[in-house]
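Asks:
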Amino acid sequence: MTQSVTPSVTQPLAPTFEPAVRARRAALRGRPGWSALVVVVALLTAAPVVTVLLGREGSPAWPGNLGAMVVTTLLLMAGVGVGTLVLGCGLAWLVTAHTFPLRDVMVWLLVLPLAMPAYILGFVFLSTFDASGPVQGWVRTTFAAGFQLDLSTLTGCAIVMSLTLYPYVYLLARAAFAEQAPTTYDAARSLGAGRLRAFFRVLLPLARPSLAAGLALVMMEVLTDFATIQYFGVQTVSYGVYITWKSSYQFASAVQLASLVMLFAFAVIAGERLLRGRARFTQRGGRGAGLTQSPLTGWRGVLAMLACLAAVSAAVLVPVLRLSWWAWDHARGDGPPALGEGFTQALTNSAVVAVLAALLCVVLAVLIGHALRLGAGRLVRSAAQLTTFGYAVPGAVIGIGVLLLLQHVDDLLEWVGVPGGTGLLVTGSVPAILAAYGVRFLGPAFQAVDASYAKLSPSVTQSAMSLGAGPLRLLGRVHGPLVRPGIAVALVLVAIDAVKELPLVLMLRPIGFDTVSVWVHQLASENLWGLVAAPALVIVGLAVVPVGILIRQVRAADLREGGRR
Amino acid sequence: MTTPAPSTPAPSTPALVLDAVSKSYPSAGSGRRGDVTAARSLELAVAPGEIVTLIGPSGCGKSTALRLIAGLDRPDAGRILIAGDEVAGPDRFRQPERRRVGLVFQDHALFPHLSVARNVAFGLQRLPRRERAARVSEVLELVRLRHLAGRYPHELSGGEQQRVALARALAPRPAVVLLDEPFSSLDESLRAQVRAQLVGVLRETGTTAVFVTHDQTEALSTGDRVVVMRDGAIEQADTPQRVFEQPATRFVASFMGDADFLRAHVHNALLTCEVGVVSTVPGWGDADVDVDVVLRPHEVALAADPGRAEPGPEVVAVDYHGAFVLHTVRLVSGQQLRSWQPHAVRHPVGSPVAVTVVPGIRPTLLVGDRAVAGPEDLTPRTDSAGYGTMSRP
Numbered sequence: 383m384t385q386s387v388t389p390s391v392t393q394p395l396a397p398t399f400e401p402a403v404r405a406r407r408a409a410l411r412g413r414p415g416w417s418a419l420v421v422v423v424a425l426l427t428a429a430p431v432v433t434v435l436l437g438r439e440g441s442p443a444w445p446g447n448l449g450a451m452v453v454t455t456l457l458l459m460a461g462v463g464v465g466t467l468v469l470g471c472g473l474a475w476l477v478t479a480h481t482f483p484l485r486d487v488m489v490w491l492l493v494l495p496l497a498m499p500a501y502i503l504g505f506v507f508l509s510t511f512d513a514s515g516p517v518q519g520w521v522r523t524t525f526a527a528g529f530q531l532d533l534s535t536l537t538g539c540a541i542v543m544s545l546t547l548y549p550y551v552y553l554l555a556r557a558a559f560a561e562q563a564p565t566t567y568d569a570a571r572s573l574g575a576g577r578l579r580a581f582f583r584v585l586l587p588l589a590r591p592s593l594a595a596g597l598a599l600v601m602m603e604v605l606t607d608f609a610t611i612q613y614f615g616v617q618t619v620s621y622g623v624y625i626t627w628k629s630s631y632q633f634a635s636a637v638q639l640a641s642l643v644m645l646f647a648f649a650v651i652a653g654e655r656l657l658r659g660r661a662r663f664t665q666r667g668g669r670g671a672g673l674t675q676s677p678l679t680g681w682r683g684v685l686a687m688l689a690c691l692a693a694v695s696a697a698v699l700v701p702v703l704r705l706s707w708w709a710w711d712h713a714r715g716d717g718p719p720a721l722g723e724g725f726t727q728a729l730t731n732s733a734v735v736a737v738l739a740a741l742l743c744v745v746l747a748v749l750i751g752h753a754l755r756l757g758a759g760r761l762v763r764s765a766a767q768l769t770t771f772g773y774a775v776p777g778a779v780i781g782i783g784v785l786l787l788l789q790h791v792d793d794l795l796e797w798v799g800v801p802g803g804t805g806l807l808v809t810g811s812v813p814a815i816l817a818a819y820g821v822r823f824l825g826p827a828f829q830a831v832d833a834s835y836a837k838l839s840p841s842v843t844q845s846a847m848s849l850g851a852g853p854l855r856l857l858g859r860v861h862g863p864l865v866r867p868g869i870a871v872a873l874v875l876v877a878i879d880a881v882k883e884l885p886l887v888l889m890l891r892p893i894g895f896d897t898v899s900v901w902v903h904q905l906a907s908e909n910l911w912g913l914v915a916a917p918a919l920v921i922v923g924l925a926v927v928p929v930g931i932l933i934r935q936v937r938a939a940d941l942r943e944g945g946r947r
Numbered sequence: 006m007t008t009p010a011p012s013t014p015a016p017s018t019p020a021l022v023l024d025a026v027s028k029s030y031p032s033a034g035s036g037r038r039g040d041v042t043a044a045r046s047l048e049l050a051v052a053p054g055e056i057v058t059l060i061g062p063s064g065c066g067k068s069t070a071l072r073l074i075a076g077l078d079r080p081d082a083g084r085i086l087i088a089g090d091e092v093a094g095p096d097r098f099r100q101p102e103r104r105r106v107g108l109v110f111q112d113h114a115l116f117p118h119l120s121v122a123r124n125v126a127f128g129l130q131r132l133p134r135r136e137r138a139a140r141v142s143e144v145l146e147l148v149r150l151r152h153l154a155g156r157y158p159h160e161l162s163g164g165e166q167q168r169v170a171l172a173r174a175l176a177p178r179p180a181v182v183l184l185d186e187p188f189s190s191l192d193e194s195l196r197a198q199v200r201a202q203l204v205g206v207l208r209e210t211g212t213t214a215v216f217v218t219h220d221q222t223e224a225l226s227t228g229d230r231v232v233v234m235r236d237g238a239i240e241q242a243d244t245p246q247r248v249f250e251q252p253a254t255r256f257v258a259s260f261m262g263d264a265d266f267l268r269a270h271v272h273n274a275l276l277t278c279e280v281g282v283v284s285t286v287p288g289w290g291d292a293d294v295d296v297d298v299v300l301r302p303h304e305v306a307l308a309a310d311p312g313r314a315e316p317g318p319e320v321v322a323v324d325y326h327g328a329f330v331l332h333t334v335r336l337v338s339g340q341q342l343r344s345w346q347p348h349a350v351r352h353p354v355g356s357p358v359a360v361t362v363v364p365g366i367r368p369t370l371l372v373g374d375r376a377v378a379g380p381e382d383l384t385p386r387t388d389s390a391g392y393g394t395m396s397r398p
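Heads up: the sequence lines are chains A and B, in that order.
According to our numbering, the first sequence is numbered sequentially starting from 383.
According to our numbering, the second sequence is numbered sequentially starting from 6.
1) For the alpha helix (DSSP H) that contains Ile-74 of chain B, what are its first and last residues?
2) Since Leu-469 of chain A and Ser-544 of chain A are thought to touch, with beta carbons under 8 Å apart, how far apart are those beta carbons, to the nearest angstrom?
3) In terms of residues, what are the limits of the alpha helix (DSSP H) holding Ile-60 of chain B?
4) With 16 as the cutoff for other CB atoms within 10 Å, does Ser-514 of chain A come out buried or exposed?
5) Quick one: what does DSSP say Ile-407 of chain B is sitting in, helix, strand or coil?
6) At a Cβ threshold of 8 Å, is Gln-393 of chain A touching chain B?
7) Classify Phe-188 of chain B: buried if its beta carbon has 16 or more other beta carbons within 10 angstroms, exposed otherwise.
8) For Phe-663 of chain A, which of helix, strand or coil comes out of DSSP?
9) In this structure, how does DSSP classify Thr-481 of chain A when only helix, strand and coil are distinguished?
10) Distance cutoff 8 Å, beta carbons only. Does Ala-846 of chain A sit that close to anything in chain B?
11) Can you list, in chain order, the residues of the segment 820–854 of chain A whose Cβ is nearer than 9 Å to any Cβ on chain B?
12) Going straight from the alpha carbon of Ser-35 of chain B to that of Ile-60 of chain B, what length do you get?
13) Which same chain residues, not among the five before or five after Arg-37 of chain B, have their C-beta less than 7 Å away from its C-beta?
14) When the distance is taken between beta carbons, is Glu-304 of chain B closer than 8 Å to Tyr-347 of chain B?
15) So what does DSSP say about Gly-670 of chain A, is it helix, strand or coil?
16) How close, in whole Å, do the beta carbons of Tyr-819 of chain A and Leu-754 of chain A come, if the pair is a contact with beta carbons under 8 Å?
17) Would Ala-70 of chain B pass as a contact of Arg-79 of chain B if the rule is Cβ separation under 8 Å?
18) According to DSSP, which residues form a beta bridge with Arg-335 of chain B?
19) Given this structure, state the Cα-to-Cα distance separating Ala-405 of chain A from Leu-838 of chain A, to the nearest angstrom.
20) How should Lys-628 of chain A be labelled, buried or exposed, when 16 other C-beta atoms within 10 angstroms of its C-beta is the threshold for buried?
21) Which same chain residues end up closer than 8 Å to Leu-150 of chain B when comparing Cβ atoms and leaving out the 5 residues on each side of it in sequence?
22) Which residues does DSSP pair with Glu-48 of chain B in a beta bridge?
23) In the segment 86–126 of chain B, which residue ranges form an unbroken alpha helix (DSSP H) of at least 4 residues, counting only runs that do not cross its ends?
24) Taking the alpha carbon of Leu-787 of chain A as the reference point, which residue from A:Leu-890, A:Gln-844, A:Trp-708, A:Gly-751 has its own alpha carbon closest?
25) Go through the segment 128–199 of chain B residue by residue and report every complete run of the beta strand (DSSP E) that reaches 3 residues or more, in order.
26) Cα separation between Gly-54 of chain B and Ala-88 of chain B?
27) When you compare the CB of Ala-75 of chain B with every CB in chain A, is at least one pair closer than 8 Å?
28) Candidates B:Leu-119, B:Val-280, B:Ala-176: which alpha carbon is nearest Val-337 of chain B's?
29) State the beta-bridge partners of Ser-676 of chain A as determined by DSSP.
30) Under 8 Å Cβ-Cβ, which residues of chain B neighbour Leu-857 of chain A?
31) What are the residues in the segment 131–158 of chain B lying within 8 Å of chain A by C-beta distance?
32) Is the beta carbon of Val-232 of chain B sitting closer than 8 Å to the one on Val-181 of chain B?
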């Protein structure tokens with residue numbers, strides 16, 4: 383559920399293996415040791431998923447409500463899919479095709495909901511709009527005394543998730559609309575199509591690959607969530623994995639369910655590929671006025687502005703105001719301090735885990751990038767791609783996979799004569815959390831670092847080597863200093879993702895080990911709004927940082943695009 | 006191995022030797038099958054202090070040759086020796102950082118985060134600190150840039166960056182410096198000047214250098230020897246004069262300067278073609294063979310022939326180049342010849358002209374695609390290996 387905001391947003395989800403001719407010519411001969419490192423990291427990253435898929439532990443008992451869980455998962459995916467598609471596409475069209483008051487601000491504000499974790503928006507939404515909340519209370523006192531509407535349903539859950547996840551579709555749809563060759567649109571208009579007809583018959587079909595990629599990202603987030611849905615009493619397959627493990631420690635069943643979740647994930651990737659089809663809708667630039675923005679004036683302009691504002695308000699502004707009010711109200715009262723001892727401990731835990739995870743991921747990312755620069759064949763490049771795959775694996779699968787690996791390690795230790803092995807399987811452990819984070823966040827870290835490596839001319843590497851620098855000195859004196867911008871971005875992205883992340887921690891944490899996200903989740907489950915507000919604001923505040931980085935990157939890309947025209 | 010440049014007196018150990026070096030890459034397009042041969046049993050020996058230019062059309066394998074020498078790629082077969090050391094062979098491959106090869110690139114490839122002095126010092130890791138500083142200022146003095154030692158690469162002009170790149174490559178005293186199209190990123194106006202400076206430094210230091218270029222003029226004016234490559238093979242490795250005046254193959258003749266080919270006949274030691282007797286060919290007394298003759302535009306003379314009754318050569322195009330005017334003439338047979346004329350001379354298109362060959366030249370004769378120096382070359386050759394590296398006495 384934690385929407386990790388990374389540069390990967392603008393890339394298709396499924397890794398593409400396209401041998402780049404230039405890369406081949408630019409590459410060096412490769413060094414066996416460094417190439418082996420990439421392969422080993424790839425194998426380690428893939429290990430949790432592979433163990434889950436191959437895992438056959440005893441005779442699994444499927445939970446009785448498995449059928450219902452599968453149906454619920456499908457319904458939730460469909461609901462969120464439709465919701466994000468309508469919101470994302472509609473808003474993208476609005477800001478691309480029209481100008482209206484505050485449009486230039488709205489373009490970027492509309493990305494902001496990515497900073498709102500669904501597990502925070504979820505409880506704010508329920509506490510505000512559910513039957514016992516202030517809104518329905520007001521309706522009852524003002525209009526109908528008997529009015530009662532239950533929102534802790536699948537529909538309510540789909541609304542909340544759509545509100546926090548639509549920016550994925552929005553960003554990709556906007557890029558697709560903007561990238562489309564102006565001539566195509568002009569041609570459609572000259573053939574007699576109106577603006578709307580040209581949109582539905584030409585632009586939308588042409589944007590299909592991007593929309594598919596955006597939807598796939600959304601689906602992955604839905605599949606990985608099992609915390610938000612708990613507020614709404616919605617039980618998906620991912621929740622099944624979590625509850626089967628946490629309530630009864632039935633390993634076999636949990637593994638079985640996890641492989642079912644993985645099946646859903648594979649279906650999403652396959653679906654994305656299918657939707658993208660053979661179509662590679664890259665268009666030749668072509669000159670033309672293209673999508674000239676038509677100004678919306680008067681009440682229509684205000685309406686457009688309000689539509690954008692409504693999306694941002696519902697997802698970010700109103701929840702933040704409500705959280706702030708709770709926090710202020712609580713601070714005024716004489717209850718226990720919201721940022722007291724328990725919170726401080728959770729914050730420390732979060733910080734330690736985040737820093738370690740960031741260092742782990744970034745060091746691995748830098749080493750992989752370096753190994754690729756030293757030259758690599760197809761195998762090593764595929765291995766490097768594989769290390770980014772964990773990002774598309776639902777948290778529940780990674781969690782169970784890591785636990786399963788831990789069990790194998792324990793078995794091995796018992797076999798060599800250590801009774802009880804590590805003993806960490808049931809109690810959970812911080813190393814397990816770090817391992818899971820490594821699998822999940824190596825992708826974004828590598829993409830950020832790789833972007834910096836890509837800017838480095840191969841001749842710089844080759845010059846350094848011809849001047850007698852071996853791989854280590856090359857890394858320390860040339861590659862390291864030159865990819866520093868990428869390293870900085872990667873550190874920030876991973877650290878903040880790690881603080882936001884909830885499902886993996888819930889599943890793997892040792893008893894009594896709270897992080898800020900767990901702290902928020904537990905207080906929210908107990909409706910302690912006053913206590914939960916300030917920590918939740920801390921998380922949202924941190925999450926704004928990567929969204930800011932993302933916006934900056936998209937803007938830079940926009941400017942380049944504009945410069946080319 | 007090809008014989009080294011005639012001017013070099015029997016060198017001790019060649020600075021660089023390529024011995025039957027071959028390399029092929031898997032084909033890039035997924036549709037086509039098979040490999041692309043980028044180096045086809047290359048044979049080359051470069052004497053210490055010699056400057057060699059590698060030239061050929063794009064994709065001819067000249068950059069691959071450079072990569073193989075530098076150790077950026079490993080040959081499939083053959084051996085490479087640098088200063089007598091085998092650095093690549095059937096079961097030996099020395100990594101680029103241990104090869105004593107300097108590299109200078111088109112994009113200069115300076116380290117943007119290091120100052121000029123530290124760029125130059127990068128390759129001097131093994132020297133004690135004091136000697137390092139001395140060597141840095143020594144090579145910077147060499148390229149006349151010592152006053153810029155504290156600057157960063159982005160604060161330098163393109164020509165200055167190129168000189169820093171050369172200084173950096175020279176600092177560790179490499180056995181051979183490889184330059185990959187080092188001037189093509191510079192302005193046309195700067196290029197000649199920077200090239201002269203750079204070659205001056207190489208000469209001054211007695212550095213062995215291999216240049217890659219795609220500019221014929223640059224190749225002819227820069228190197229002691231020009232190596233013309235095509236399809237991964239060496240077509241000819243010779244002095245600039247010989248490559249231009251006595252091309253070994255039809256390809257070299259047309260690639261290194263303009264050339265037209267006319268069908269000709271040798272009989273009684275006389276070479277005749279459609280425009281008449283070209284020259285005598287001493288030593289061909291007994292031969293009676295068909296050949297092709299290579300005629301360069303400056304070897305073709307024109308004269309107006311207004312009163313001609315029967316059909317004859319006719320001007321079909323006139324291109325004004327400033328100092329000279331290029332005339333294209335169609336002969337009766339339909340073949341075309343080009344001729345340089347002084348800028349004041351202009352035969353209008355369509356006008357009849359008389360075509361002769363400038364007296365005193367000894368044009369190259371081709372049988373098939375290969376040049377023949379005398380009748381002894383007419384016997385069909387059986388060894389294909391010697392094909393690419395024919396050098397004549």
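Virtual Cβ for every residue (Gly too), placed ideally from N, Cα, C.
Replies: Answer, in terms of the structure:
1) 67–75
2) 6 Å
3) Note, Ile-60 of chain B: premise wrong, no alpha helix (DSSP H); beta strand (DSSP E) at 56–60.
4) exposed
5) Summary: the structure shown does not reach residue 407 of chain B, with chain B confined to residues 6 through 398, and so no result is reported for it.
6) Low confidence applies here, because Gln-393 of chain A scores a pLDDT of 41, under 50, leaving its location unreliable and the question unanswered by this model.
7) buried
8) Interpretation of Phe-663 of chain A is limited by its pLDDT of 49, a score under 50 that renders its predicted location unreliable; the figure taken from the coordinates is listed afterwards. Phe-663 of chain A falls in the coil class under three-state DSSP.
9) strand
10) yes
11) Ser-839, Pro-840, Ser-841, Val-842, Thr-843, Gln-844, Ser-845, Ala-846, Met-847, Ser-848, Leu-849, Gly-850, Ala-851, Gly-852, Pro-853
12) The pLDDT assigned to Ser-35 of chain B is 46, lower than 50, so where the model puts this residue is not dependable, and the model offers no usable value.
13) With a pLDDT of 49 at Arg-37 of chain B, under the threshold of 50, the modelled position of that residue is not reliable, and the figure given next carries that caveat. For Arg-37 of chain B, where only same-chain residues beyond five positions count, there are no Cβ hits under 7 Å.
14) Tyr is not the amino acid found at residue 347 of chain B; the sequence shown has Pro there. No; because the gap between Cβ atoms is not below 8 Å, this pair is not in contact.
15) Residue placement at Gly-670 of chain A cannot be trusted, given a pLDDT of 47 that sits under 50; the coordinates are not used to answer.
16) In fact, because the Cβ distance is near 23 Å, the residues do not count as touching under 8 Å.
17) no
18) B:Glu-319, B:Gln-341
19) Bear in mind that a pLDDT of 39 at Ala-405 of chain A, under 50, signals an unreliable position, so the model cannot answer this.
20) exposed
21) Val-121, Glu-165, Arg-168, Val-169, Ala-172
22) B:Asp-24
23) 121–126
24) A:Leu-890
25) 181–185
26) 12 Å
27) yes
28) B:Val-280
29) A:His-480
30) Neighbours of Leu-857 of chain A on chain B: none; closest Cβ ~13 Å, over 8 Å.
31) Arg-131
32) no
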